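Visitor: When we follow this note's numbering, the leftmost residue of the sequence shown carries the number 53, and every step to the right adds one. No residue lacks a Cβ here, since even glycine has one placed at the ideal position from N, Cα and C. On a predicted model such as this, the values are computed, not experimentally measured, just so you know. Encoded as structure tokens, here's the structure I'll be asking about.
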Amino acid sequence: MPVTVADARPATLRRTVPVVGTLNPYEDVTLAPKVGGRVLRVFKDVGDRVGPGEPLMELDEAEFRLTVEQARPAFEAELRKLKLTALPANDAVFEKHLPNVDAVREARANLKLAESDLERTQKAVDGGVGSRDVFDSVVNRVAVAQVRVQVAETETRVTLANARRLKAALEDAERRLADTRLTAPAPDEWAMWLKELGPTTTPLKYAVAQKMVSAGEMVQSTPVTNCYRLVIDHILKLGAAIPEKYAPDVTLGQAVEIRVEAHPGKVFAGIVARISPTTDAGNRTFGVVIGVRNGDGRLKAGGFATAEIVLRSDTITTVPADALVQFAGVNKVFVVNGDRARAVEVTIGTRDKDWVEVGGLPAGAKVITSGQSQLVDGSVIRVR
53 MPVTVADARP
63 ATLRRTVPVV
73 GTLNPYEDVT
83 LAPKVGGRVL
93 RVFKDVGDRV
103 GPGEPLMELD
113 EAEFRLTVEQ
123 ARPAFEAELR
133 KLKLTALPAN
143 DAVFEKHLPN
153 VDAVREARAN
163 LKLAESDLER
173 TQKAVDGGVG
183 SRDVFDSVVN
193 RVAVAQVRVQ
203 VAETETRVTL
213 ANARRLKAAL
223 EDAERRLADT
233 RLTAPAPDEW
243 AMWLKELGPT
253 TTPLKYAVAQ
263 KMVSAGEMVQ
273 STPVTNCYRL
283 VIDHILKLGA
293 AIPEKYAPDV
303 TLGQAVEIRV
313 EAHPGKVFAG
323 IVARISPTTD
333 AGNRTFGVVI
343 GVRNGDGRLK
353 AGGFATAEIV
363 LRSDTITTVP
373 ADALVQFAGV
383 NKVFVVNGDR
393 ARAVEVTIGT
403 RDKDWVEVGG
413 LPAGAKVITS
423 GQSQLVDGSV
433 IRVR
């Protein structure tokens with residue numbers, strides 16, 4: 053039987069898992085002020101970049117500043133009564149300071165004087181020259197002085213409690229004054245993402261996705277008036293679902309190639325940043341989050357993307373597609389064995405337009421590519 057032959061060739065094949073999904077921003081936050089008032093100034097508009105802590109807008113602060121100016125003198129007056137420049141850290145520290153307070157010091161000095169008078173009167177009475185009435189009067193003065201010490205100490209502790217209350221009121225007023233400026237927040241996980249994905253080409257900044265307020269408008273804290281929507285798009289997160297059969301192969305840190313329609317032919321780099329520990333019982337898939345570098349801002353948050361998770365590279369054996377013979381669910385090829393054809397059963401892997409991955413066939417074998425439909429194992433052949 054005349055036949056044509058070709059070599060079974062080795063090839064390197066990348067094993068990948070194709071996924072699709074939406075490119076989500078690393079962070080997407082909607083901001084509202086903590087206090088209400090009239091918008092005095094707005095600093096950022098749609099498309100602007102703003103770093104953590106930078107102001108977005110400012111409310112009229114006149115009323116809030118007046119509250120601070122009223123609260124501070126009242127607090128400072130209580131500190132002066134206590135002869136303090138700042139509140140003590142705790143009660144134990146204040147108890148050591150207690151004798152320095154004027155009212156307490158005066159009461160204790162009167163008590164000490166009364167006790168000295170009592171000691172002298174006691175000696176006079178014991179010597180037979182003192183009056184019993186005078187002695188009783190001095191004893192009463194000592195008792196009164198002791199009570200006055202207790203009252204002075206109690207009133208001082210009450211003054212401390214009032215000072216703490218006024219300090220809390222002052223801090224609340226100062227906080228509300230600071231809240232008249234709406235600023236961009238700082239995400240807690242940014243350092244962790246940078247560690248996983250490496251440095252981006254631009255520093256951390258939010259992009260203003262929506263501005264919902266203008267100068268002169270009144271905003272409220274209850275119910276809240278949303279004013280800005282910010283996104284972080286230096287790094288995007290592509291969420292995807294993967295069939296559970298790939299669970300042993302997908303690991304953290306694997307490289308991912310991302311493609312979008314807006315940039316045909318361009319491949320964007322990413323890595324597997326998160327893997328869900330559970331499988332969805334409904335569709336038998338598990339979720340992954342792919343981190344995508346976007347320092348140059350070419351990718352748009354919310355866009356559709358296709359991706360391939362690169363699992364590994366394998367060395368495989370390939371044969372021309374024409375060499376494969378399939379019958380009754382059995383895949384085989386015929387190889388040249390001298391002047392005869394030998395049938396070899398093979399397993400099928402990846403298919404391409406011109407070749408098929410086969411298992412069970414050594415590389416370098418010569419496979420028959422034509423005339424094999426009329427061959428059986430052991431047929432005499434003639435290579436054309």
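#1: Is the CB-CB distance between V419 and V382 below 8 angstroms?
#2: Output needed for D169: all residues of its chain with C-beta closer than 6 angstroms, excluding positions within five of it in sequence on either side, in chain order.
#3: By DSSP's criteria, R66 is part of a beta bridge. Which residues make up the other side?
#4: Can you tell which of V194, N142 and T173 has the C-alpha that lies nearest to the C-alpha of R184?
#5: From which residue to which residue does the alpha helix (DSSP H) around A144 run?
#6: Which partner residues does V57 have in the DSSP bridge list?
#7: Using 10 angstroms around the beta-carbon of E79, count the other beta-carbons present and answer buried if the total reaches 16, otherwise exposed.
#8: Since P295 and R326 should fall inside the 8 angstroms C-beta cutoff, what is the C-beta to C-beta distance between them, to a whole number of angstroms?
#9: Thinking C-beta only, is N76 closer than 8 angstroms to K289?
#10: Buried or exposed: where does N346 fall if 16 or more other Cβ atoms within 10 Å of its Cβ makes it buried?
#11: Under a Cβ-count criterion, where at least 16 other Cβ atoms within 10 Å of its own Cβ denotes burial, should I400 be classed as buried or exposed?
#12: Say whether the region 56 to 69 touches the region 362 to 370, bearing in mind that this needs 3 or more beta-carbon pairs closer than 8 angstroms, one atom from each stretch.
#13: Would DSSP call S273 helix, strand or coil?
#14: Return the chain-ordered list of same chain residues with a C-beta closer than 6 angstroms to the C-beta of K96, the five sequence neighbours on each side being excluded.
#15: With distances taken between CB atoms, is the gap from T303 to V324 smaller than 8 angstroms?
#16: What is the rounded straight-line gap between the Cα of E313 and the Cα of G412?
#17: Just to confirm my understanding: we take F100, look at its own chain, exclude 5 residues before and 5 after, and list those with CB closer than 7 angstroms. What are they?
#18: If we call anything under 8 angstroms between Cβ atoms a contact, is V194 one with A166?
#19: Which whole-angstrom value describes the C-beta separation of I342 and A292, a residue pair presumed to lie in contact below a C-beta threshold of 8 angstroms?
#20: Under three-state DSSP, which class holds A353?
#21: Note down, in chain order, each residue of its chain lying with its Cβ closer than 6 angstroms to the Cβ of M270, except the 5 sequence neighbours on either side.
#22: State the DSSP-derived secondary structure class of Q202, mapped to helix, strand or coil.
#23: What's the gap between the Cα of A321 and the Cα of K257?
#24: Return the residue from the list T274, S422 and D285 that minimises the CA-CA distance to K86.
#25: Just how far apart, CA to CA, sit L44 and Y298?
#26: Can you list, in chain order, the stretches of the alpha helix (DSSP H) that have 4 or more residues and sit fully within the region 145 to 179?
#27: Just to check my reading of the structure: A84 and L218 have Cβ atoms closer than 8 angstroms, yes? What is that Cβ distance to the nearest angstrom?
#28: Does the distance from the CB of L92 to the CB of E121 come in under 8 angstroms?
#29: In this structure, how does DSSP classify F187 when only helix, strand and coil are distinguished?
#30: Going by C-alpha distance, which of D429, S425 and T421 is nearest V435?
#31: In whole angstroms, what is the alpha-carbon distance linking M264 and P316?
#32: What residue from V432, G423 and V428 has the CA that sits closest to V57's CA?
#33: Which residues mark the beginning and the end of the beta strand (DSSP E) in which F320 is found?
#34: Out of R61, D59 and V72, which has the shortest C-alpha to C-alpha gap to V308?
#35: Tell me, to the nearest whole angstrom, how far the beta carbon of M53 is from that of Q378; I am working on the premise that it is less than 8 angstroms.
#36: How is L372 classed by DSSP in three states: helix, strand or coil?
Guide: Checking against the coordinates, here is how it stands:
#1: As a position in the sequence shown, residue 419 is number 367, starting the count at 1. As a position in the sequence shown, residue 382 is number 330, starting the count at 1. No. Outside cutoff.
#2: In the sequence shown, counting from the first residue as 1, residue 169 sits at position 117. Within the same chain, D169 has close Cβ partners V190.
#3: Position 14 of the sequence shown, counted from the start, is the residue given in the question as residue 66. According to DSSP, R66 shares a beta bridge with S365.
#4: Taking the sequence shown and counting its residues from 1, the one referred to as residue 184 is at position 132. For R184, the closest of V194, N142 and T173 by C-alpha to C-alpha distance is T173.
#5: In the sequence shown, the residue the question calls residue 144 occupies position 92. Where A144 is concerned, the enclosing alpha helix (DSSP H) stretches over D143 to H149.
#6: As a first step, residue 57 must be located in the sequence shown, where it is residue number 5. Its beta-bridge partners are I420.
#7: Position 27 of the sequence shown holds residue 79. Buried is the call here.
#8: Taking the first residue of the sequence shown as position 1, residue 295 is located at position 243. Taking the first residue of the sequence shown as position 1, residue 326 is located at position 274. 18 angstroms between Cβ atoms; not a contact.
#9: For the purposes of this step, residue 289 is taken as residue 237 along the sequence shown, with counting starting at 1. For the purposes of this step, residue 76 is taken as residue 24 along the sequence shown, with counting starting at 1. Yes, the pair counts as a contact, with Cβ atoms nearer than the cut-off.
#10: Counting from 1 along the sequence shown, the entry for residue 346 is found at position 294. Per the 10 Å Cβ criterion, buried.
#11: Here residue 400 corresponds to residue number 348 of the sequence shown, with the count starting at 1. With fewer than 16 Cβ atoms within 10 Å of its Cβ, I400 is classed as exposed.
#12: Touching, yes.
#13: Stepping through the sequence shown from its first residue, residue 273 is reached at position 221. Residue state for S273 is assigned as strand, using DSSP reduced to three classes.
#14: Walking along the sequence shown from the start, residue 96 turns up at place 44. Non-local C-beta neighbours of K96 in its own chain, meaning closer than 6 angstroms and more than five positions away in sequence, comprise V102, L108 and V260, ordered along the chain.
#15: Stepping through the sequence shown from its first residue, residue 303 is reached at position 251. Stepping through the sequence shown from its first residue, residue 324 is reached at position 272. It is a contact, given that the beta carbons lie within the stated cut-off.
#16: What you label residue 313 is simply residue 261 of the sequence shown in a count that begins at 1. What you label residue 412 is simply residue 360 of the sequence shown in a count that begins at 1. Rounded to the nearest angstrom, the two C-alpha atoms are 40 angstroms apart.
#17: Taking the first residue of the sequence shown as 1, we reach residue 100 at position 48. For the record, residue 100 in the displayed sequence is Asp; it is not Phe. Cβ neighbours of D100 beyond the five flanking positions: V260.
#18: If you number the sequence shown from 1, residue 194 lands on position 142. If you number the sequence shown from 1, residue 166 lands on position 114. With respect to A166, V194 sits close: the two C-beta atoms are nearer than 8 angstroms.
#19: Here residue 342 corresponds to residue number 290 of the sequence shown, with the count starting at 1. Here residue 292 corresponds to residue number 240 of the sequence shown, with the count starting at 1. Between I342 and A292 the beta-carbon gap is near 7 angstroms, inside 8 angstroms, which marks them as a contact.
#20: In the sequence shown, residue 353 corresponds to position 301, counting from 1. Coil.
#21: Position 218 of the sequence shown, counted from the start, is the residue given in the question as residue 270. Within the same chain, M270 has close Cβ partners R90.
#22: Start at 1 with the first residue of the sequence shown, and residue 202 comes out as number 150. Here Q202 sits in helix by DSSP.
#23: Along the sequence shown, read from residue 1 onward, the residue named residue 321 stands at position 269. Along the sequence shown, read from residue 1 onward, the residue named residue 257 stands at position 205. Computed Cα separation, rounded: 21 angstroms.
#24: Walking along the sequence shown from the start, residue 86 turns up at place 34. Out of T274, S422 and D285, T274 has the C-alpha closest to the C-alpha of K86.
#25: Not covered by the structure: residue 44. The range shown for the chain is 53 to 436.
#26: With a minimum length of 4 residues, the continuous alpha helix (DSSP H) runs that stay inside the region 145 to 179 are 154 to 178.
#27: Walking along the sequence shown from the start, residue 84 turns up at place 32. Walking along the sequence shown from the start, residue 218 turns up at place 166. About 30 angstroms; that fails the 8 angstroms criterion.
#28: Reading the sequence shown from its first residue, position 40 is the one you call residue 92. Reading the sequence shown from its first residue, position 69 is the one you call residue 121. Going by C-beta atoms, L92 is not nearer than 8 angstroms to E121.
#29: Taking the first residue of the sequence shown as position 1, residue 187 is located at position 135. Helix.
#30: Within the sequence shown, the letter at position 383 stands for residue 435. It is T421 whose Cα lies nearest to the Cα of V435.
#31: Stepping through the sequence shown from its first residue, residue 264 is reached at position 212. Stepping through the sequence shown from its first residue, residue 316 is reached at position 264. Rounded to whole angstroms, M264 and P316 show a C-alpha spacing of 35 angstroms.
#32: Within the sequence shown, the letter at position 5 stands for residue 57. It is G423.
#33: If you number the sequence shown from 1, residue 320 lands on position 268. Element bounds for F320: F320 to I327.
#34: Here the question's residue 308 lines up with position 256 in the sequence shown. If we check each option's Cα against that of V308, V72 comes out closest.
#35: Counted from its first residue, the sequence shown places residue 53 at position 1. Counted from its first residue, the sequence shown places residue 378 at position 326. Here M53 is actually not in contact with Q378; their C-beta atoms are around 20 angstroms apart, not less than 8 angstroms.
#36: Here residue 372 is taken as the residue at index 320 of the sequence shown, counted from 1. Before going on, a small fix: residue 372 reads as Pro here, not Leu. Strand, per DSSP.
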